[in-house]
Every structure is written in C-alpha cells, then in structure tokens.
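Everything on this sheet refers to the single structure shown next.
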C-alpha cells in the first residue's frame, strides 16, 4: 500500500511540472462548459419552459454537475498506457514489483484529486459569475446512490481506457487514433457531456443506454437531480455493475492476449 | 508577383504531396481518424437536429438557420485544419532547433511552418461539407447580393483564422507552447458552432471583438440570411485587416526571440 501512496504523491507532483499545460487544459474545460451552459440557458430562457423533462433549474444544474462529474470520472492518466506499449516502455514496468493496473489506477486517482480541486474552483467562479438557478439535492439516499454511480463510472472509464490502450499491442500506429475515436468523439457525445441522453428519440435512447457510455456522466448527474429513482435507479445500477464486470473481464482477457504478442518494439 | 505566386503554389503542392503520401501509407490510422471526424460532425449535427425538434427556434433562429451557422463553422474549421495542419508540428521544430533548417532556405519561413503539411483527412471531408452548406444555404433563399456577401465575409473569416494560426506560431517561438494554445484557439472558435447571440455580455463582446469568432463565423452566416448592417460589414473587414497586420508584426517580433536552442 505504501508504494502506491508514493506513486500517488509523485504523480500529483508531476502534474505541477508542466503547470502551464495543466492550467491551459483546465481553461479548455471551462470553454467547453460555457458553450453547453449558454446553449441550454438560451433554450430555457423562459423560467416556465419545460422540455425533455427538464426545467431551467434542473438543466443548468445538469451543466454544473458535468463540471464535477467530468473531473471525477474523465480525468485520467491511463491513456498513456498506449504510448508505453507502442514505444516498448511497458517492459520497464513489467520488471518492477508492482501491479501495472494498480499503478495506473493510482495515477488516475491522483489526477482526479487534482482536477477535482481545480473543478471546485471553476465551479465556484462560474457559479458566482453566471448565478444560475441551482438544484441542491438534500436526500441522503439519493446522494448515496449518486456516490455509487460515480464510483462505478470511474471503474467503467478506467477499464475502457485500458481496453483502448491495449490496441497498440496489435496496431501501434493507431494508439492516439483509437483514443481520439473513443474518448474524444464517442465518449464526449454519448456520455452526456454535451447533451442529456433523454433528448434523443426513444429508440435511439434505448440503444445508447445499452452501451457503457451514458453511465459515465449522464446517469450519475440524473441520479443527483432525482430524475432517476426507484426501479429505474435499481435497473440503471444493475446495468452499470454489469458493464463494470464485463469490461473488467474484457480488459484482463485482452491484456493477457496482448502480453503474449508484445515485442517491446523500440527497446 | 505572379511568378512568385506560381513558385509558392508549386512548393505547396510538393509539400502537400509529401504530407499526403505519409498519411496514405498509414491506411488504418487514416480510417480511424476519418471515422472519428465524421462521427464528431454527425453527433453534433444530430444533437442540434433533435434539440430543434423539441424546440423549433433557438435565440430567434429557425432550425435551418441554426444548422447553417454550424455548417459555416465547420467549413472554416475544416478548411483551416486542412491548410494549417503543420502548425501542430511546430513545437518539436522549435524545441530541437530544427527551425534553423527552415530559416536558411530561400523561401518564407512562415509559409513553410504554416502551410507545410496539408491534411488529407480534412481534405476528404471538405466536398461533402460544401455540398451540405450549399443545400442548407439554398433553403434560406438568399439573394445574389447576400450570397456574394456571404462568400466575401467567409474569405474574411479565413483571413482572421490565418492570423490566429500565425499568432499561435509566434507564441510557440516565444513560449515553446503550441499544443494547448492551438487547442484553446479551437475551443474558442468552437463557441461559434452556434450564433454568438446566444452568449451573454461580456462574453458576447469578447467573442465579437477581442477573439472575433463572431466576425469569423456568425457574421458570414448572418449575411446570407440578410441580417447584417453595412456597418457590420465594414467592421468585419477592419477587424480582418487589423488581425492580419498584428499577426505579421508579432511573427516578426517572435523571430527576433528565436534562440536556436538544441541545434
């Protein structure tokens, strides 16, 4: 446990080596939030407007919820695994007395901690500037369910990242390409970062809900808002748990297969 | 002048051919990026479509007008990506000192680092994007004058985008930072996927005058809809000229700060 605590601390400090990079990255997050915020603020410009099951207060809380949930779920370092594989640096870790999965999970947690601190500041500043109507959830059961959904989301994202990062075992040239396709394009759109999934027509919504992506952002934020309760909440949690299990199994399976074909190219 | 233009056109064609050859040799990577770019467009287009199904207007604009704003943004974004992809490769050149090799050649260093690597993936997406823009543009029933104004303001938008890329390159020499600066430029321009009218003050003024996303993207689209006053047109050309002038001055200043480190 002590060695992972050391990894956590070193990883946390490493983020400060390229301070400008980190700050600019956070600035980028703020711009993305501004587009989403003003778009929904315009759609719900009248306080009486009710569409897609939202009113102005809930949709703007959804946007602010994205800031926090994104920092907790989508802040990660494990995308660098693909570079380790493609450049042969994985060999260094395989020789060390540590679990490669736990190493990256620890680094992810470190990244999430740092991003959460910055996200909290951004949340506060934007809240003061924009003064949105905000829905404070006070039901302890809902808050507990929200915490569970966030933990599941963190695990789902970690397993997804490792799966995508394993592609360079077979095709080293598409390490960044596969991340671009899945994390930048598909997850951004289908996780609920850009829009709540329930604005889609019923059929399409069902298809998207069957994938792991909405359980990263949309599902936790909807649970916080109290829009998913009772049997729908239990059902959603079951699907999220099932995806966590399936992706964990797939990650282990693909990783073992990958290690057998790993040639330490570049070493 | 014409001779010089022909010379640079020939050099651009040679550099682009080399850049295309590199990308086409990596067919799998090419396919993955192409699919990614198409999906990103489809997802946002689909989002706008479904959003406007539930709410027929946005900030007073009809669904076709909103989609036209989005297409105008894409047109400027994709064409500038196609032409100026080399900007993304500038940092290693500065860090390694390889920029020396560009400076000693008998051609404009700015031209080389700005346009030295056209992107074939973006090129593939340009024709269908132009087709879609024409389709939605025709649905807005513009007059001949409005169409010409749209094209002229679009060209002005490209000039502003060019100025931004030159500023990013100059900043790279001064600060050694490119990756995030260019992505921040892209994030800012992506606020132009929707008309800047939806943003509140002072963000709206910021996006209109300081980082003229509104003049780059919203104004040309509005011109096609007949929603631009003559003063707005004059202001757009003024901002375009100033942006280009400032970017060239900044580039010349940045060159004096180049230390040729590591070379």
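Chains as they are written, first to last, in the working numbering: chain A, 1 to 267; chain B, 268 to 530.
Cβ coordinates follow ideal geometry from the N, Cα and C atoms, glycine included.
Quiz item: To the nearest angstrom, how far is it from the Cα of residue 243(A) to the Cα of residue 220(A)?
Solution: 15 angstroms
Quiz prompt | C-beta neighbour in chain A for residue 467(B), strict 8 angstroms | solution = yes
Exercise. From the DSSP output, in three-state form, read off residue 49(A) for me.
Key: Three-state result, residue 49(A): coil.
Quiz item: Can you tell me the Cα-Cα spacing of residue 237(A) and residue 149(A), whole angstroms?
Solution: Rounded to the nearest angstrom, the two C-alpha atoms are 7 angstroms apart.
Quiz prompt | Local conformation of residue 200(A) per DSSP, three classes | solution = coil
Practice problem: Compute the beta-carbon to beta-carbon distance between residue 455(B) and residue 466(B), rounded to the nearest angstrom, for a pair I have assumed lies under 8 angstroms. | Solution: The pair is not a contact, with the Cβ atoms about 12 angstroms apart (cut-off 8 angstroms).
Self-check item: Contacts of residue 302(B) in chain A (Cβ-Cβ under 8 angstroms)
Solution: 181
Quiz item: Comparing the C-beta of residue 35(A) with each C-beta of chain B, is any distance below 8 angstroms?
Solution: yes
Quiz item: Is it right to say residue 402(B) is buried, meaning 16 or more other beta carbons lie within 10 angstroms of its own, or is it exposed?
Solution: exposed
Exercise. For the alpha helix (DSSP H) holding residue 408(B), just list the boundary residues, first then last.
Key: Premise fails: residue 408(B) is in no alpha helix (DSSP H) and is neither H nor E.
Quiz item: Taking all protein chains shown into account, do 16 or more other C-beta atoms lie within 10 angstroms of the C-beta of residue 179(A), making it buried, or fewer, making it exposed?
Solution: Burial is judged here by how many other beta carbons sit within 10 angstroms of a residue's own beta carbon; residue 179(A) has at least 16 and is buried.
Quiz item: How about residue 325(B) and residue 388(B): do their beta carbons lie closer than 8 angstroms?
Solution: Their beta carbons are not under 8 angstroms apart, which means residue 325(B) does not touch residue 388(B) by this criterion.
Practice problem: Kindly provide the ranges of any alpha helix (DSSP H) runs that are 4 or more residues long and lie completely inside the region 19 to 93 of chain A, ordered along the chain. | Solution: 19 to 43, 56 to 73 and 81 to 87
Quiz item: Is residue 325(B) helix, strand or coil by DSSP?
Solution: Assigned with DSSP and collapsed to three states, residue 325(B) falls in strand.
Practice problem: Anything in chain A within Cβ reach of residue 450(B), meaning under 9 angstroms, just list it in chain order. | Solution: Residues of chain A passing the Cβ test: 24, 25 and 28.
Quiz item: Of all the CB atoms in chain B, is at least one closer than 8 angstroms to the CB of residue 87(A)?
Solution: no
Practice problem: Please list the partners that residue 387(B) has in chain A, where partner means a Cβ-to-Cβ separation under 8 angstroms. | Solution: Near residue 387(B) there are no residues of chain A at all, since even the closest Cβ is about 14 angstroms away, more than 8 angstroms.
Quiz item: Start and end of the alpha helix (DSSP H) containing residue 344(B)?
Solution: 330 to 351
Practice problem: For residue 312(B), decide whether its Cβ has a neighbour in chain A, counting only Cβ atoms nearer than 8 angstroms. | Solution: Cβ-Cβ to chain A under 8 angstroms: no for residue 312(B).
Quiz item: Taking any Cβ of chain A, which residues in the region 362 to 375 of chain B have a Cβ under 7 angstroms from it, in chain order?
Solution: none
Quiz item: Listed in chain order, which residues of the region 198 to 210 of chain A have Cβ atoms closer than 8 angstroms to some Cβ of chain B?
Solution: 199, 200 and 201
Exercise. Show which residues of chain A have a CB atom less than 7 angstroms away from the CB atom of residue 454(B).
Key: What residue 454(B) touches in chain A: 28, 31 and 32.
Exercise. May I ask which residues mark the beginning and end of the alpha helix (DSSP H) holding residue 252(A)?
Key: Here the alpha helix (DSSP H) through residue 252(A) covers 230 to 261.
Quiz item: Taking the C-alpha atoms as reference points, what is the distance between residue 351(B) and residue 432(B)?
Solution: 8 angstroms
Exercise. Put residue 358(B) into one of helix, strand or coil per three-state DSSP.
Key: helix
Quiz prompt | Closer than 8 angstroms to chain A by CB, residue 358(B) | solution = no
Exercise. Would you tell me roughly how many angstroms separate the C-alpha atoms of residue 411(B) and residue 372(B), rounded to the nearest one?
Key: Roughly 45 angstroms between the two C-alpha positions.
Quiz item: Where does residue 137(A) sit, in a helix, a strand or coil, going by DSSP?
Solution: coil
Exercise. Please list, in chain order, all residues of the same chain as residue 409(B) whose beta carbon is under 6 angstroms from its beta carbon, the five residues on each side excluded.
Key: 491
Quiz item: If residue 197(A) sits next to residue 208(A), beta carbons under 8 angstroms apart, how far is it from one beta carbon to the other, in whole angstroms?
Solution: 5 angstroms
Quiz item: What are the boundary residues of the alpha helix (DSSP H) that includes residue 122(A)?
Solution: 100 to 130
Practice problem: Starting from residue 293(B), find everything on chain A with Cβ-Cβ shorter than 7 angstroms and list it in chain order. | Solution: 173
Practice problem: Return the CA-CA distance between residue 64(A) and residue 227(A), expressed in angstroms with no decimal places. | Solution: Going by the C-alpha atoms only, they are around 16 angstroms apart.
Practice problem: State the start and end residues of the unbroken alpha helix (DSSP H) segment that holds residue 222(A). | Solution: 218 to 225
Practice problem: Kindly indicate the opening and closing residues of the alpha helix (DSSP H) around residue 285(B). | Solution: If you look at residue 285(B), you'll find it in the alpha helix (DSSP H) that goes 269 to 291.
Exercise. For residue 487(B), collect the residues of the same chain with a Cβ closer than 7 angstroms to its Cβ; drop the 5 residues on either side in sequence, then sort them by chain order.
Key: Hits under 7 angstroms: 339, 417, 420, 421 and 424.
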